[in-house]
Amino acid sequence: MQSELSKQEEEFKETENEIKKETNKNLRKNLQRKLEEKQSEFEEENKGKEKALTEELQNYIKYMEKQHEKEIQNLQERIQYESRIRAECEYMVKLEKKVAKVLQETTEKHETEKAKALQEAEDRHEIEKAKAVQEAEEKHKKAKAKVPYRSKRARDWSFYVPVFGGAAGGAVGGIEDIVHWITRKQTSSSKSS
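The letter at position 81 of the sequence shown is residue 82 when you use our numbering, and the numbering goes up by one with no holes.
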């Protein structure tokens, strides 16, 4: 009986081991299934999170690109503005130099022309003055030559002896006029022959 018992015991142990194995298999299958379910849930959750994170990252990248474009545009506008201001300043400096140069040249030209015109006017004035003086002297000589001697003598002598000097000078001058008239007639007749 012992052997039967031991046999039964062995069978029981074998059955128990088989049941354990079977239970372990079922447990493993259940655990495996639960693990796969959890893993599947986790993967789906991760996919959702990954998708959300990807979208968030893309949105952030787009936002950063827009900000970058705005900054680039602002910088370009600022560069254009500063370039325009610099160009205007350079143009104004060149223009001021040009205006100063033209003004200086014009002033120098004006001063030169003014000096030249003044010199020409002075020269013309001197020439006209000399000519007028010469003409006046010639007219004076002619007028003096035409004044009869009696008038000259009367004037000169009346200066020294007021009333009688004028009468005496007029008489002497009258004689001189007659002598002068005769000599002039003789010279003109000898020239004509």
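Every residue, glycine too, gets a C-beta built ideally from N, C-alpha and C.
| query | result |
| --- | --- |
| Between Tyr196 and Leu28, what straight-line distance do the alpha-carbon atoms span, to the nearest angstrom? | Residue 196 lies beyond the stretch modelled for the chain, which goes from 2 to 194, so this question has no answer here. |
| Between the Cα of Lys147 and those of His181, Ser159, Ile20, spot the shortest distance and give me the residue it belongs to. | His181 |
| Assign Val134 to one of three DSSP states: helix, strand, or coil. | helix |
| Quick one: grab the DSSP three-state call for Val103. | helix |
| Just how far apart, CA to CA, sit Ala101 and Ala88? | 19 Å |
| Just the Cα atoms here: how many angstroms apart are Glu46 and Arg34? | 18 Å |
| Where Glu56 and Ile80 are concerned, what is the direct C-alpha to C-alpha distance, given to the nearest angstrom? | 35 Å |
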